[in-house]
Each structure stands twice: as C-alpha cells, then as structure tokens.
C-alpha cells in the first residue's frame, strides 16, 4: 500500500464517526471482540451523535468497509484488527 493511499484511508476512517469508534474500541480492548461487545463499545463512544436504534446497522456497514480495506478480519464469532489495522489505527488517535 502506498503512503498516499494509507493517508487517504486514515483520513477517511478518522472522519467517519462509527469507523473511528470501532477502531478505538478495538484498541482499548486489545483483543478480538464479539459483535455485541463491539456495538456496546461503539455506542458508548459515539454517545448521542447517532440514535441508539441506528448503531447496529452503522457498525455492520462500517465493519464491511474496514474488512474490505484489510483493517479488520472476522475470526469465527469475533472481529479483530489485522496487523495493518493496528498499525494504521494508531495513526487515527
């Protein structure tokens, strides 16, 4: 991945409320998370910026983007940051 592409992805995910909250939730946990735990962590981070009934759908959609970008992987019933995801997520904070 080129530096310019990395920078673009970081900028995109940094300014996408739910994606940034997902990455911060993973970073705080330091381990793979089940979907329900991820929803709870994201909900706590985004507060009232997104209605509670919309959080689950927003997390699903953001996870798809993060997975297709190579930042997140699904391991059986849990999700986890990839090595690339951990490296780039550090740059989001």
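Residue numbers (the numbering used here): 464 to 556.
For glycine and all other residues, C-beta sits at the position ideal for the given N, C-alpha and C.
On a predicted model such as this, the values are computed, not experimentally measured, just so you know.
Burial is judged here by how many other beta carbons sit within 10 angstroms of a residue's own beta carbon; residue 520 has fewer than 16 and is exposed.
According to DSSP, residue pairing for residue 476 in a beta bridge does not occur. Secondary structure of residue 539 (DSSP, three-state): coil.
Residue 540 places its beta carbon less than 8 Å from that of residue 497. Taking the CA atoms as reference points, residue 535 sits about 9 Å from residue 527.
At a Cβ-Cβ threshold of 8 Å, residue 483 and residue 476 count as neighbours. Exclusion of the five residues before and after residue 533 leaves 545 and 547 as the residues of its chain whose Cβ lies within less than 7 Å of its Cβ.
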